[in-house]
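Numbering (full-length UniProt numbering), first residue to last: 1 to 206.
One structure is given below, encoded as structure tokens.
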């Protein structure tokens, strides 16, 4: 289904949660997102302005790998390869409208700025972190290894090589970024960009 078709169905939705498989994530939109958060799991929804539809769209998502944990043994009214439908009871249109209005709009980032990724669960986890996606010019280049004699002289008084310290520092930074990355609410594209940035950091220090 296209996003336009999904939104048309959500405008008629009164008592269902529609989950759509997009890449490796299940996503719920609009009224389905409202019902999902209030009756299944209190994930954090995001609201974006979709220019070609001239509309603000609310959505929430979780990875396919977490489907059993998130949905548990709840019965499905419909199960397809790319869509799940759960009964949820009546969705109050006025309450949904107030809920959507209160969600802050995610403003598109200026060109060249890193993309924001929002945490999913309520609690003590920071709501926002920035994924470092370096430009090609800023990615460290692979530097040929120095001759053994040269490295021996560099080790000289310290007994360690500068390259080893650099690799350790980069490795720690990559692990820190990986631990902090909130995959549950990132888009597939943001996940790919994040993995690509980590790979470039590591390859630049081999």
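Beta carbons are placed, not taken as given, at the ideal position from N, Cα and C, and that holds for glycine.
- Residue 28 counts as buried, since no fewer than 16 other beta carbons sit within 10 angstroms of its beta carbon.
- Of 32, 104, 172, the smallest CA-CA separation from residue 87 is found for 32.
- Between the stretch 61 to 72 and the stretch 1 to 18, the count of Cβ pairs shorter than 8 Å is below three; the stretches do not touch.
- Residue 24 is classed as exposed because its beta carbon has fewer than 16 other beta carbons within 10 Å across all chains shown.
- Secondary structure at residue 72: coil, using DSSP grouped into helix, strand and coil.
- In this structure, the alpha-carbon of residue 45 lies about 24 Å from that of residue 81.
- Here the C-alpha atom of residue 63 lies approximately 14 Å from the C-alpha atom of residue 192.
- Counting only runs of 4 or more residues that sit fully inside the stretch 79 to 104, the alpha helix (DSSP H) segments are 93 to 102, in chain order.
- Residue 61 has 27 as its beta-bridge partners, per DSSP.
- Look at residue 48 here: in three-state DSSP terms it is strand.
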